[in-house]
Amino acid sequence: MSIDKLGGSEKDVGGIPVARILPNRNKRTIGAWCFLDHAGPSIFKGDSRGLQVGLHPHTNLQTFTWMIEGEVLHQDSLGNRQTIRPGAINLMTAGNGKNAISHTEQTVAGCDRLHAVQLWIALPRNRDIAPAFEHQENLPTWEDDRARYLLTIGDYAGHRAPTTCHTPLIGLDIFSKQSGNLTLKLNQNHEYGLLVIEGNITHNGETYRDNELIALSDCQLETDTLFTFHSEKNTRLFLIGGLPLPFTPVLWWNFVGQSGAEISQAVKDWNNHHPRFGNIDITGTGLKRLNAPEPPAPIHHDRT
Ligand code: MN
1300 MSIDKLGGSE KDVGGIPVAR ILPNRNKRTI GAWCFLDHAG PSIFKGDSRG
1350 LQVGLHPHTN LQTFTWMIEG EVLHQDSLGN RQTIRPGAIN LMTAGNGKNA
1400 ISHTEQTVAG CDRLHAVQLW IALPRNRDIA PAFEHQENLP TWEDDRARYL
1450 LTIGDYAGHR APTTCHTPLI GLDIFSKQSG NLTLKLNQNH EYGLLVIEGN
1500 ITHNGETYRD NELIALSDCQ LETDTLFTFH SEKNTRLFLI GGLPLPFTPV
1550 LWWNFVGQSG AEISQAVKDW NNHHPRFGNI DITGTGLKRL NAPEPPAPIH
1600 HDRT
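Quick note on this note's numbering: the sequence shown kicks off at 1300 and runs consecutively.
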């Protein structure tokens, strides 16, 4: 098993500073998780209306939002309108066939803060998956003398989240109640990323702080195994993992594809208002319809 430390790079998403952890130059994907933004914790000051993400599309992925603080309204082209609050997830499936999806995300009026993790899950390409949306707020939780756990997706330690999974995945929120060792159970065929959201942990003499992730790859272990590390009190972690993807997805803007040609087509279709992305009436929301930037030349070459 190889152990790597991944850091985040700072970005702005809809007016909010975020740390982008995936994709990372040292690691493109962890299981089918292909994108990871940690937003906040932010408190809005002055005239800030918080997160204001205009109408944009997605293809061949699921957007997965885990809310820690704040309230965000999601609206999509399937007609869903859902406010997400702490302890809940929104999972939007863009679909991987003819039909895709578009959506907006905005901080609810009067809410002055945001702390969230948004991830993308690459969809498998060996069968058709239609656009869909689900909201989950009754997620399995449990605790031991060291930590509280909340399972957002997948199976872990005899618990199962109700969230739709198209490939074997896990997303586990961990909050340490006191300083001490924590032990995670790892599936022998999966790879993992353990993100420090707040606080710090130590493994093998190395300390990992906010927005740093321990990537556990090339697992291919003979049996399921245990991973033990030291955690400070009040540290919040998010464990992602899953079966390594059988392909390297191409990411550009809000699109995932298998080839540069597929991405270029998606850019062209969205900018030409192709009906496959549906539509939302954004009149009165203060939001814009976002244009897809042209991909750089190298992306036009298919990866084979
Ligand atoms: Mn989006």
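A virtual CB, placed ideally from N, CA and C, is assigned to each residue, including glycine.
Keep in mind it's a predicted model, so treat the numbers as computed, not measured.
May I ask you to report which of helix, strand or coil DSSP gives residue i?
{"i": "K1532", "result": "coil"}
{"i": "G1577", "result": "coil"}
{"i": "H1502", "result": "strand"}
{"i": "W1569", "result": "helix"}
{"i": "E1561", "result": "helix"}
{"i": "A1514", "result": "strand"}
For a quick check, are the C-beta atoms of residue i and residue j less than 8 Å apart?
{"i": "G1457", "j": "H1489", "result": "no"}
{"i": "L1485", "j": "T1328", "result": "no"}
{"i": "H1355", "j": "S1401", "result": "yes"}
{"i": "G1585", "j": "Q1381", "result": "no"}
{"i": "A1318", "j": "H1414", "result": "no"}
{"i": "N1389", "j": "T1406", "result": "no"}
{"i": "L1538", "j": "L1483", "result": "yes"}
{"i": "A1331", "j": "I1420", "result": "yes"}
{"i": "A1387", "j": "T1358", "result": "no"}
{"i": "M1366", "j": "F1432", "result": "no"}
{"i": "Y1448", "j": "I1469", "result": "no"}
{"i": "Q1417", "j": "D1311", "result": "no"}
{"i": "E1370", "j": "G1313", "result": "no"}
{"i": "R1575", "j": "A1446", "result": "no"}
{"i": "T1466", "j": "P1423", "result": "yes"}
{"i": "V1495", "j": "L1438", "result": "no"}
{"i": "I1500", "j": "S1478", "result": "no"}
{"i": "P1322", "j": "R1412", "result": "no"}
With 16 as the cutoff for other CB atoms within 10 Å, does residue i come out buried or exposed?
{"i": "G1378", "result": "exposed"}
{"i": "R1384", "result": "exposed"}
{"i": "N1533", "result": "exposed"}
{"i": "W1551", "result": "buried"}
{"i": "G1306", "result": "exposed"}
{"i": "H1599", "result": "Reliability fails at H1599, whose pLDDT of 48 lies under 50, so the model's placement of it is uncertain and no value is given."}
{"i": "F1546", "result": "exposed"}
{"i": "S1308", "result": "exposed"}
{"i": "W1441", "result": "exposed"}
{"i": "A1460", "result": "buried"}
{"i": "D1472", "result": "buried"}
{"i": "L1525", "result": "exposed"}
{"i": "E1505", "result": "exposed"}
{"i": "P1592", "result": "exposed"}
{"i": "N1510", "result": "buried"}
{"i": "T1603", "result": "Interpretation of T1603 is limited by its pLDDT of 41, a score under 50 that renders its predicted location unreliable; no figure is taken from the coordinates."}
{"i": "I1342", "result": "exposed"}
{"i": "P1316", "result": "exposed"}
{"i": "S1376", "result": "buried"}
{"i": "A1429", "result": "exposed"}
{"i": "G1559", "result": "buried"}
Compare the Cα-Cα distances from residue i to each of the options and report the closest residue.
{"i": "P1595", "options": "E1404, I1420, A1408 and I1562", "result": "I1562"}
{"i": "N1362", "options": "E1370, A1408, C1333 and N1510", "result": "Just to set this straight, residue 1362 is Thr in the shown sequence, not Asn. Ranking E1370, A1408, C1333 and N1510 by Cα distance to T1362 puts C1333 first."}
{"i": "Y1507", "options": "G1492, Q1557, G1313 and D1311", "result": "G1492"}
{"i": "G1396", "options": "D1427, L1418, I1496 and D1411", "result": "D1427"}
{"i": "L1372", "options": "Q1487, C1410, K1344 and A1399", "result": "C1410"}
{"i": "D1346", "options": "G1353, L1321 and A1408", "result": "A1408"}
{"i": "E1521", "options": "P1340, K1587 and Q1487", "result": "Q1487"}
{"i": "D1443", "options": "A1429, P1430, F1474 and Q1435", "result": "F1474"}
{"i": "N1425", "options": "Q1557, D1523, P1322 and G1498", "result": "Q1557"}
{"i": "I1579", "options": "L1360, N1325 and G1353", "result": "G1353"}
{"i": "N1325", "options": "G1498, A1514 and K1476", "result": "A1514"}
Inset, instruction - Mind listing, in chain order, the continuous beta strand (DSSP E) runs of no fewer than 3 residues lying wholly within the segment 1391 to 1449? - result: As far as the segment 1391 to 1449 is concerned, its whole beta strand (DSSP E) runs of at least 3 residues are 1400 to 1406, 1412 to 1421, 1431 to 1435 and 1440 to 1442.
Legend entry - Segments of 3+ residues assigned as beta strand (DSSP E) that fall wholly inside the segment 1302 to 1381: 1308 to 1312, 1315 to 1321, 1332 to 1342, 1351 to 1357, 1360 to 1368 and 1371 to 1375
Inset, instruction - Tell me the start and end of each unbroken beta strand (DSSP E) in the segment 1447 to 1501 that is at least 3 residues and wholly inside, in chain order. - result: 1468 to 1475, 1479 to 1485 and 1490 to 1497
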